[in-house]
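Protein sequences, first through last, are from chains A and B.
For the first sequence, my numbering assigns the number 7 to the initial residue and increments by one for each residue that follows.
For the second sequence, my numbering assigns the number 7 to the initial residue and increments by one for each residue that follows.
Number of protein chains: 2
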Amino acid sequence: MATIYDVARAAGVSAKTVSRVLNSDAPVKTATRERVEAAIAALGFVPSTAARMMRSNRSGLIGLITGAISQTTDQPASHGLPDLVIVQAIQRGIASSGMTVMIADTGGQSDQVAPLVQTFLEHRVQGLIYAADFHQRVALPLVPKGFPLVLANCFDDAGTPSIVPDDRRGQHMLVERLLRAGHRRIGYLTLGRQMVATQLRTEGYRSALDEAGIAYDPALVVLAYIDDAKLGSKLLWDAIDRLMSLPEPPTVLCCGNDAMAMRVYGILRSRGLRVPQDISVAGFDDHRIIAETLYPPLTTVELPYAAIGARAAEQLLSLIESGPDRNADRMPTLVAGPVIWRESVLSRTPIVEFQNQGRERL
Amino acid sequence: MATIYDVARAAGVSAKTVSRVLNSDAPVKTATRERVEAAIAALGFVPSTAARMMRSNRSGLIGLITGAISQTTDQPASHGLPDLVIVQAIQRGIASSGMTVMIADTGGQSDQVAPLVQTFLEHRVQGLIYAADFHQRVALPLVPKGFPLVLANCFDDAGTPSIVPDDRRGQHMLVERLLRAGHRRIGYLTLGRQMVATQLRTEGYRSALDEAGIAYDPALVVLAYIDDAKLGSKLLWDAIDRLMSLPEPPTVLCCGNDAMAMRVYGILRSRGLRVPQDISVAGFDDHRIIAETLYPPLTTVELPYAAIGARAAEQLLSLIESGPDRNADRMPTLVAGPVIWRESVLSRTPIVEFQNQGRERL
DNA sequence: GCAAGTCATGACATCGGTGTCATGACATCG
DNA sequence: CGATGTCATGACACCGATGTCATGACTTGC
């Protein structure tokens with residue numbers, strides 16, 4: 007590969023002049039510049055970041071780690087892949103500042119994290135992002151104190167800057183919107199109880215009811231997911247059974263995520279119930295390929311992965327620029343996604359509701 | 007950040023000795039080694055790849071480009087994201103050889119490709135992979151002649167090494183398996199006709215029928231996808247209408263992908279047809295979150311993204327090792343995924359078939 | 001007991017750029 | 001017209017590793 011000296015010789019100038027043409031950091035006569043540019047093109051010269059890095063001490067690199075990292079192995083064994091949207095959004099945000107992303111995946115083994123971090127440090131990355139596959143608590147060791155680090159879709163106990171979805175607010179908004187549509191008995195089929203998202207969303211569910219002055223009925227909230235296809239299916243059937251045979255059954259079922267909603271569609275139909283005429287369904291995640299494709303399309307809450315990735319990149323860049331001091335919040339940044347209203351939820355206007363109630367009371 | 011000289015001074019040795027400890031490329035007395043290692047740990051020294059790269063000319067980096075690249079804009083406007091599984095498999099394959107992956111996404115703009123390649127070259131990547139979001143023809147310009155380059159999930163006309171799914175064989179195997187299950191009238195709802203995958207899969211559909219000595223009936227193959235939610239939905243309804251009102255309607259519907267199969271489930275149910283008792287359904291892709299979650303679980307063909315990514319990494323590494331000569335195939339490497347048999351297809355044993363035919367003939 | 005060989009280590013140049021400072025040509029001004 | 005300033009450019013050191021070669025201490029063999 008041609009070097010800057012080859013170019014200098016071909017153009018009949020010094021290496022430093024070529025450098026000036028490359029960086030435009032000092033005036034160069036037009037004629038000279040053109041000779042240099044011609045030589046660059048002719049030789050196919052591409053400057054070496056490595057050599058450049060040695061003087062400037064700025065690599066222009068950001069390290070991104072994906073995959074399992076948490077020490078706690080009692081989490082549900084997911085596939086270990088963060089949504090690509092997060093990765094892509096991070097990459098875009100970083101690229102817009104002229105830096106390049108190096109990516110590494112732990113492949114599900116948290117003991118891979120240390121060597122990956124080491125490799126990144128050897129490449130003198132100027133910052134690190136860890137992106138988790140679902141909202142969780144993690145523990146990232148081994149990063150030098152004060153090194154720019156941001157967690158995306160996860161958080162730790164050390165106060166590392168982190169960006170996570172606002173699960174509480176998301177579920178709150180969804181329930182609020184369901185209430186506005188006239189629903190009063192809102193069933194909730196939850197994911198695993200130990201999941202951070204489940205805890206927060208359940209809080210959001212309750213706070214929305216509280217605000218509307220509706221009593222929380224524990225019978226309406228049922229665990230409906232375990233990490234086993236066979237048993238999970240049975241659990242979901244039973245959960246729906248339990249809800250639908252309540253004296254006052256729900257008029258809408260909120261599901262832990264869109265995949266669960268998809269299975270709920272099938273189960274309800276097997277029971278002869280039409281969605282949404284007989285019962286409404288809502289999901290969570292706005293997993294587009296599911297939510298838009300299901301019939302009827304699914305009302306759900308967007309898990310704002312693109313925004314989380316973008317914010318993570320943004321925050322990391324600002325850490326790199328201004329140092330770790332800033333206004334150290336110590337609290338994760340919450341990003342809420344909007345409620346996506348589609349046809350799986352029936353609007354029961356409050357007026358109809360009143361009429362019904364009136365009739366029943368007679 | 008500490009340098010090798012800082013370590014040398016702290017350990018009371020020369021820089022070269024520290025280098026020997028780091029690389030274990032020459033014997034060092036145990037006592038000396040321990041002093042050096044202690045100094046390294048104390049100073050938190052991490053060797054600089056940049057400096058190392060200057061002498062060795064080996065960066066240990068591979069560039070991965072994702073997102074839109076094709077010059078032809080008449081392709082369906084997909085979201086432009088390759089499945090993360092491809093990215094992850096590539097990353098794993100590369101990492102296993104001790105190299106690191108740099109990733110960049112075009113964000114849907116093919117004019118972004120040139121600057122991305124330039125950046126990668128500046129970082130002296132030792133090879134490039136381009137991973138497409140769906141099986142397609144692409145045109146990658148600007149890479150120096152002879153530079154190690156592999157295309158994943160796409161191919162070009164220049165004979166660049168590429169790894170693509172064997173769509174023809176996949177559909178062939180699926181139809182063959184359906185025939186073995188006793189189906190004779192096999193409907194096929196296709197994706198856009200201009201898509202490479204559609205063309206190949208249609209060939210596979212026909213070749214499987216040919217092998218079984220069953221005449222191809224064009225009325226059974228219907229275009230059922232356009233890139234518009236509203237119109238697409240109507241198109242799919244009409245397509246199913248057309249198939250089901252044939253004098254001899256199909257007993258199974260093959261769908262262009264799993265997402266289409268999901269919509270087909272809904273449409274069939276709206277028509278009062280049970281899957282699979284009244285009609286069987288098969289998909290393509292093995293998009294697990296759909297195929298496993300649908301009720302009943304979907305028979306489909308795996309799109310072997312993990313294998314494609316792994317093979318792409320493998321092939322690139324071998325190009326880097328042994329140079330571009332090799333046995334230049336000039337033909338894309340085809341990777342076939344298995345048929346995943348689930349409950350959405352009813353087995354109509356040939357015996358039952360014979361009985362029916364016998365009875366009808368009486 | 002001395003030449004030859006092995007072992008552990010160090011001095012120094014080098015990779016490809018950029019920062020610092022110097023220099024020569026020319027324009028400007030009193 | 002000579003002093004001064006500006007502009008374009010070049011010489012040279014340096015960033016942090018590693019390759020080459022040299023060197024001194026010690027072992028081995030006859």
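Cβ atoms here follow ideal geometry from the backbone N, Cα and C, with glycine treated the same way.
Short CB-CB distance (under 8 Å) between residue i and chain A
i, result
"Q97(B)", "yes"
"A318(B)", "no"
"A56(B)", "yes"
"E182(B)", "no"
"L195(B)", "no"
"I232(B)", "no"
"T106(B)", "yes"
"A101(B)", "yes"
"I295(B)", "yes"
Contacts around residue i, its chain only, beta-carbon distance under 6 Å, and the 5 residues preceding and following it disregarded
i, result
"L340(A)", "D172"
"A32(B)", "R26"
"R212(A)", "Y222"
"L57(A)", "In the sequence as displayed, the identity of residue 57(A) is Ala instead of Leu. If we look at A57(A) and ignore the five residues flanking it on each side, it has no Cβ neighbours."
"E217(B)", "none"
"R348(A)", "P303, L304, T305"
"P167(B)", "V156, Q321"
Contact set between residue i and chain B, taken where Cβ atoms lie within less than 7 Å
i, result
"E308(A)", "Neighbours of E308(A) on chain B: none; closest Cβ ~15 Å, over 7 Å."
Cβ-based neighbour list, residue i, same chain, cut-off 7 Å, excluding 5 preceding and 5 following
i, result
"E366(B)", "Summary for E366(B): the model assigns pLDDT 39, below 50, so the residue's position carries little reliability; its value from the coordinates is reported in the next sentence. Closer than 7 Å at Cβ, skipping near neighbours: no residue."
"T38(B)", "V19, T23"
Burial state of residue i (16 or more Cβ within 10 Å)
i, result
"L215(A)", "buried"
"P253(A)", "exposed"
"M108(A)", "buried"
"L148(A)", "exposed"
"P310(A)", "buried"
"Y11(B)", "exposed"
"T355(A)", "exposed"
"E308(B)", "buried"
"T36(A)", "exposed"
"P344(B)", "exposed"
"D162(A)", "buried"
"G73(B)", "buried"
"R378(A)", "The question about residue 378(A) has no answer here: the residues shown for chain A are numbered 7 through 368."
"D224(A)", "According to the sequence shown, residue 224(A) is Pro rather than Asp. Burial call: exposed."
"A235(B)", "exposed"
"R174(B)", "buried"
"R64(B)", "exposed"
Cross-chain neighbours of residue i in chain B, by beta carbon under 9 Å
i, result
"E43(A)", "Within 9 Å Cβ-Cβ: nothing; E43(A) doesn't reach chain B, min ~15 Å."
Proximal residues of chain B, C-beta to C-beta of residue i below 8 Å
i, result
"S350(A)", "Those do not exist, as S350(A) stays about 11 Å from chain B at its closest Cβ, beyond 8 Å."
"I273(A)", "Y301"
Per-residue contacts from residue i into chain A (C-beta, under 8 Å)
i, result
"I150(B)", "It should be noted that the sequence gives Pro, not Ile, for residue 150(B). Simply G50."
"A235(B)", "E298"
"I10(B)", "Per Cβ cutoff of 8 Å: no residues; I10(B) is ~12 Å from chain A at best."
Spatial neighbours of residue i in its chain, beta-carbon cut-off 8 Å, leaving aside the 5 residues before and after
i, result
"V281(B)", "Y271, L274, R275, V287, P302, S350"
"V119(A)", "I71, I75, T112, L146, P147, L148"
Chain A residues whose Cβ lies nearer than 7 Å to that of residue i
i, result
"A288(B)", "Those do not exist, as A288(B) stays about 17 Å from chain A at its closest Cβ, beyond 7 Å."
CB contact check: residue i to chain B, cutoff 8 Å
i, result
"P53(A)", "yes"
"A21(A)", "no"
"V156(A)", "no"
"S116(A)", "no"
"S65(A)", "yes"
"R26(A)", "no"
Partners in chain A for residue i, counting only beta-carbon separations shorter than 9 Å
i, result
"M60(B)", "S54, A56, A57, M60"
Item checked: Positions along the segment 119 to 130 of chain A whose CB lies within less than 9 Å of some CB in chain B -> L122, Q124, T125, F126, L127, E128, H129, R130
Item checked: Cβ-based contacts, 7 Å cut-off: residues of the segment 250 to 273 of chain B near chain A -> A265, M268, R269, G272, I273
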